[in-house]
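Notes for the one structure printed next.
Number of protein chains: 4
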Amino acid sequence: MANSKYEYVKQYELDDTLLPGCWIVVRIDGKGFTKFCDVHGFEKPNDKRALDLMDACAAAVMTEFPEIRLAYGESDEYSFVLPRSTDMYGRRASKIVSLIVSCFTANYVARWPEHLPGTPLASTPMFDGRAVCYPLDSHLRDYLSWRQADTHVNNQYNTCFWALVKSGKTPTEAQATLKGTLSGFKNELLFREFGINYAHLPEQFKKGSVVVRQKAMVEVKQREDGSPVLRERALPAILHCDIIGDGFWQERPHLLAP
Amino acid sequence: MANSKYEYVKQYELDDTLLPGCWIVVRIDGKGFTKFCDVHGFEKPNDKRALDLMDACAAAVMTEFPEIRLAYGESDEYSFVLPRSTDMYGRRASKIVSLIVSCFTANYVARWPEHLPGTPLASTPMFDGRAVCYPLDSHLRDYLSWRQADTHVNNQYNTCFWALVKSGKTPTEAQATLKGTLSGFKNELLFREFGINYAHLPEQFKKGSVVVRQKAMVEVKQREDGSPVLRERALPAILHCDIIGDGFWQERPHLLAP
Amino acid sequence: MANSKYEYVKQYELDDTLLPGCWIVVRIDGKGFTKFCDVHGFEKPNDKRALDLMDACAAAVMTEFPEIRLAYGESDEYSFVLPRSTDMYGRRASKIVSLIVSCFTANYVARWPEHLPGTPLASTPMFDGRAVCYPLDSHLRDYLSWRQADTHVNNQYNTCFWALVKSGKTPTEAQATLKGTLSGFKNELLFREFGINYAHLPEQFKKGSVVVRQKAMVEVKQREDGSPVLRERALPAILHCDIIGDGFWQERPHLLAP
Amino acid sequence: MANSKYEYVKQYELDDTLLPGCWIVVRIDGKGFTKFCDVHGFEKPNDKRALDLMDACAAAVMTEFPEIRLAYGESDEYSFVLPRSTDMYGRRASKIVSLIVSCFTANYVARWPEHLPGTPLASTPMFDGRAVCYPLDSHLRDYLSWRQADTHVNNQYNTCFWALVKSGKTPTEAQATLKGTLSGFKNELLFREFGINYAHLPEQFKKGSVVVRQKAMVEVKQREDGSPVLRERALPAILHCDIIGDGFWQERPHLLAP
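Residue numbers (full-length UniProt numbering), protein chains in the order written: chain A, 1 to 258; chain B, 1 to 258; chain C, 1 to 258; chain D, 1 to 258.
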C-alpha cells in the first residue's frame, strides 16, 4: 500500500499565484444571509448585535494574519486588504482566501453567544470569498470607496423600505414607493413621514466599519506584586468613518506606504 | 456618494472557472494542527473524539451541498468530490472552495462541545482549501488511493512513534528507531515490544473515513396521532473501509456514473 | 550595469500550465482573412490554391512538432491535437500556442510563392491561436465533429451564396434568399438553378482537411552507387474524409491511444 | 450534420484575461536560434543584417498594432509594451501573444531576402511569446532595464569570446579565460589583445534597439500635378540609446502617460 505510485496526482494541482506587486483584496460575503437573518430574527434594517459580531470577527482575522493592512465591512460582507509586498502563503489565491474565510467563520460561530445571547445558532453561517488584485493605490481607494458608497446607498434604501413596511405597507408597495427615487427624496420621506433624521442615524449603519491597527498600551504580564507590565501594541480598532475622502488616508500614511 | 464612478473596479475580478468535464476535488487541511492538538490535549496517535468531529463536519458539508458525491478524510484533512457534470456556482474555484471550507469550519466550532465535552475551544480552528481537477475516473480513484495509502503510512508510523515515546524514548530516539524501516518491521515492533496487533486497531485509524450517501428511512413529519411519517432519503453515512481496491466501487457504481 | 537588481521582474511571469491528462487542442485562425482574400483575389467560395497552402503549412507544423497527433483544418483555421500525455514545453499554454502559430505563419509566407505563383503577397498574413483542454476522448471527438460540421454548414451556404452573386444577385439579395433555409433546400437550389450537384464538389471543400501521420518509405541517404537508401517513416498525410463517424477512428486506433 | 449538438465544446475555452490596469509586456524569443544562426552563417558575435531584420519586423508589428507604446529588442528577442489602459482583444493573453508572434514571424520571413540577399532561408524561423503584467511604472522601467543590462552583459561576453576563438582558441579555452571575469577585465582584454575599444563598437550591439513612434511628414497621396500631399504621422523609429537612465523617459513623457 505504498503511496508512491499514486503521487503523480499532485501534478494536477495548478499554480494560482496572484500577480506580485499588486494590492490584494479578499472580499468575503455571507451565503443566503437574507434567510439567515430571518431565521435568527435580526432587527431590520440593521441589527447592531450582528454588525458588532461581524466587526469582532474582522478584528480577530486581523489579529491572526498580521499582514492584513486594513479591513472594511458592511452588512454581511467584509473586505481585507493585503499590501503589494505581501508574500503571505506565496500569494497563492486559494490558500489566502480559504484561510481568511475559515478564520472569519470560526470566529463568527465561536463569538455568536457573546454577541447574540439568548439566540441560539439555528443554521450554519457561511461565507464565500474571492481575491482581487489592484495595481495602483488609486484602484484600491476606488475599491474601498465603491464599497462604502454601496453601504450608504443600501442603508438609505433599507431604512426607507423598513420604515414603510413597519408603517403598514406591503413589501411590494414599499418597493414601488421607492423605485427610481433619488437620495434627497428618501431623506425627506424619512423625516416627513417617520420623523427620522437620516444624518442622526448611527455611523456604523451609514458608513460601515473600518478596521485599522492602532497603537495601544496592553498588559503583557504581571509583576510579582500583581502590578501590570504594559507594552505598546498595534491592535485592531474598529472605526465608523468616511474613507472616500482624502482625510482618512492623510492621517494614516502608513496604510498606503510601500 | 453615487457608487457608479467606482464600479469599474469590478472588472478586476478575473474568472477562475474550473475546466468543465473534470472531476473536482476540494481538499481542506487544518492549519497548524500539531499545535492545535497539543493545546487541546488530543490523544496520540489518534483522538477518536477529534476524528468523529471531523467526520461529522464532513457529513454536514455533504448535507449542505447535495452535489458532493463522496468525501474522504484522515487526520486533519478532508477531500470532497464533485462530479464532472457539476455546475455548482458556475464551477468558480474560489466560490466552491471558500464555501466548503466555511461550512466545514462553522460545523467544527459548533459541534465541538458535543464531541469534546469538557474541553473548551482554546484557539481558532482553521482550514485551508484548494480545488484540483481530474480528467479521468482513473485519476480520481488514484487521488483517493493516494490519500488512503497516506493514511496507512502515517498511522502505522505514528502508532509506532507514540508507543516508543510513551515507553520512555525521546522523540529523537523514536525517530531514529523508525527511520528507513519497512512496513513489516513496524508491525513486528508493535507486536513484539508493545503487544499491539496492528490489524486489530480501529478501522477508522487505519483506513480513514469515507462519506457516501446511503438510503435510509427518515421521519419527515408526524401524523396527528403522533406516529411518524417515514420517507426514504439518501443520507451521508460514514464508513471506514478500503477504497483502493475495486470492491468499493463495484458495489457503488453510481459514484463514478456520468 | 549589472542586471541582478532588475531580475526580480521575472517573478511576474505567472505559470500557465495546462491541466495534465487532458487532450490539448490548439486552434489557429486567420486574422481579417475576408479582406486578405479580397486583396489577393482568392476564388470564391473556395480557392484550392489557398487551401492547399493551409494544408501544406499544417503538415509542416506536424513535421516540426512530432508530438502533434493529428490536425484538422478548414477555410482559414486549423486545429492541432496534442495527446493527453504530452509534456511538450511543460504544457505551458503560451509557449505551445505561440510556437505553433509562429511555425504555421512562417511556412505560410515561405510557401506562398509555390502555391500562389504570380500573386505577390500584398499584406501580412496573421493567425491568432488558443489552447483548449478536453478531458475525455468523447470531448475531443465532439470538438473535431463540431469543426467538420461547421465546415459543411459554411461550405454549403457559401456555395449557394456565391452562385447567387455570380448569377447577378446582390449580396443582400443572396443573403435574403438563403436566410433560414434548410440543408435540403440549398442542395436543391444549387442543382435546380445552377446545375451544381453538391455531392460532386471536391471533398476538400466539403469535408475540410485532416492531417495524420502515415507510414511511407522515404529516401534517407544515397549509397555510393547513387541508389537510394529507403526507410519507413511516419509522414504527415492530408486526407479529406469524414471524421464524425466511427470509421475513421476505428481504422486508426493509435490516434486515441493513451 | 448540424453542429449544434457539438457546440458545448466551446465552454471548454477558459478565460485568460490579463489583469486590467497593468502594463502588458509581450516578449518574443527565437526558437533554437543558435542553430538557426549557424545554418545561415550569421556573423559572430553580431550580424548587423540579422539585427536590422529583427528591428524591421518590430517596426512592422508596431505599425500593425497601434496600441503598442514601445518595443525593445536584442539578439533574437523583442519585447512589446502595451499601455495599462489597453483593451486590445479584451486583454486576452493568447490572442495578444499569438497575433504579435504571428505578425513578427510573417515579417521575418517576408523581409528576409531584403536584409540577407544571397542567403536563402534554409530552415523555419520561429518565435515563442509570453505576456507579463507589470502593475507600476517602476516595474516596467525595471523590466526594460533588465533587458538592456542583459544586452550589455551578453554582448561584452560574446565580443570577447569570439575574439578569442577567432584568434585560435578553442571554445572551451575561450570560456575558461572569461569565466568569472569582471566587466573591466573584459574591456582590457579586448583592447590589449585585440585592439578593440569596446566603447567604439556600434550602439546597436551594445544597447540593443528601441522602437518608439516619432512624428514625421509622410506622403499620404499625390495631387493631380504629381506633387506630394504630406501629413504628419507618428511612425516607428529605431533608436540605439540608453533606456536605463531617466533621460530617455524625461524626453518622452508620453511613453509612461496614463
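For every residue, glycine included, the Cβ atom is placed at its ideal position computed from N, Cα and C. Remember, predicted model here, so these are calculated numbers, not experimental data.
So, at 6 Å on beta carbons, what are the nonlocal neighbours of L178(A) in its own chain, with the 5 sequence-adjacent residues on each side left out? C160
P202(C) versus L182(C): straight-line alpha-carbon distance, rounded: 21 Å
Since L136(A) meets chain D, which of its residues come closer than 8 Å, beta carbon to beta carbon? G21, P135 and L136
Leaving out five residues on either side along the sequence, give the residues of the same chain with a beta carbon under 7 Å from the beta carbon of R252(D). V212
Which residues in the same chain as A122(C) place their Cβ atom closer than 8 Å to its Cβ, once the five residues preceding and following it in sequence are excluded? V39 and H40
Along chain D, in chain order, which residues have C-beta atoms closer than 7 Å to that of Y72(B)? Under the 7 Å cutoff, chain D gives no residues; its nearest Cβ is about 28 Å from Y72(B).
Could you check the C-alpha separation between A237(A) and L99(A) for me, to the nearest Å? 21 Å
Please state the DSSP three-state secondary structure of A63(C). This sequence places Thr at residue 63(C); Ala is not what is there. Three-state DSSP puts T63(C) in a helix.
Below-9 Å beta-carbon distance, M54(C) vs any chain D residue: no
Give the interface partners of L82(A) over in chain C, defined as CB-CB distance under 8 Å, in chain order. Within 8 Å Cβ-Cβ: nothing; L82(A) doesn't reach chain C, min ~16 Å.
Can you look up K221(B) in the DSSP assignment and give me helix, strand or coil? strand
Among G247(D), W112(D) and G245(D), which residue has its Cα nearest to the Cα of F42(D)? W112(D)
With a Cβ-Cβ cutoff of 9 Å, do R92(A) and D15(A) count as a contact? yes
Identify the contact partners of C103(C) in chain D, using a Cβ-Cβ distance below 7 Å as the criterion. T124 and M126
Pair within 9 Å by beta-carbon distance, D55(D) and S209(D): yes
Rounded to whole angstroms, what's the CA-CA distance from S184(D) to T17(A)? Just pull it up for me. Reading the sequence as shown, one finds Gly at residue 184(D) and not Ser. Using only the alpha carbons, I get a separation of about 40 Å.
Backbone secondary structure at C133(B) - three-state DSSP: strand
Less than 9 Å between the C-beta atoms of R27(D) and S79(D), yes or no? yes
Cβ of K207(D) within 9 Å of Cβ of D242(D)? yes
Can you give, in chain order, each stretch of the beta strand (DSSP E) that sits fully within the UniProt domain "Thg1 C-terminal" (139 to 244) of chain D and has at least 3 residues? 209 to 222 and 228 to 239
Closer than 9 Å, CB to CB, is Y6(A) near chain C or not? no
Less than 9 Å between the beta carbons of L19(B) and C22(C), yes or no? yes
Return no unless some Cβ of chain B is closer than 9 Å to the Cβ of T17(D). yes
Contacting positions in the segment 82 to 99 of chain D - beta carbon closer than 9 Å to chain B: none
If you check the beta carbons only, do V9(C) and W146(D) fall under 9 Å apart? yes
By a C-beta neighbour count over all protein chains shown, 10 Å radius and 16 as the cutoff for buried, is R69(D) buried or exposed? buried
Since Q11(C) meets chain A, which of its residues come closer than 8 Å, beta carbon to beta carbon? P20
If you drop the 5 nearest sequence neighbours on each side, which residues of the same chain put their C-beta closer than 7 Å to that of A174(A)? F161, L164 and V165
Relative to the alpha-carbon of G32(D), which residue among P125(D), M88(D), D87(D) and E13(D) has its alpha-carbon at the smallest distance? P125(D)
Rounded to the nearest angstrom, what separates A216(C) and D76(D) at their Cα positions? 36 Å
Spatial distance of N158(B) from L140(B) (CA atoms): 27 Å
In chain A, which residues lie less than 7 Å from L14(C) when you measure between Cβ atoms? T17 and L19
Identify the contact partners of E64(B) in chain A, using a Cβ-Cβ distance below 9 Å as the criterion. T124 and M126
Does chain D have any CB closer than 9 Å to the CB of I238(C)? no
Leaving out five residues before and five after V229(D) in sequence, what residues of the same chain have Cβ atoms less than 8 Å from its Cβ? E219, V220, K221, Q222 and R223
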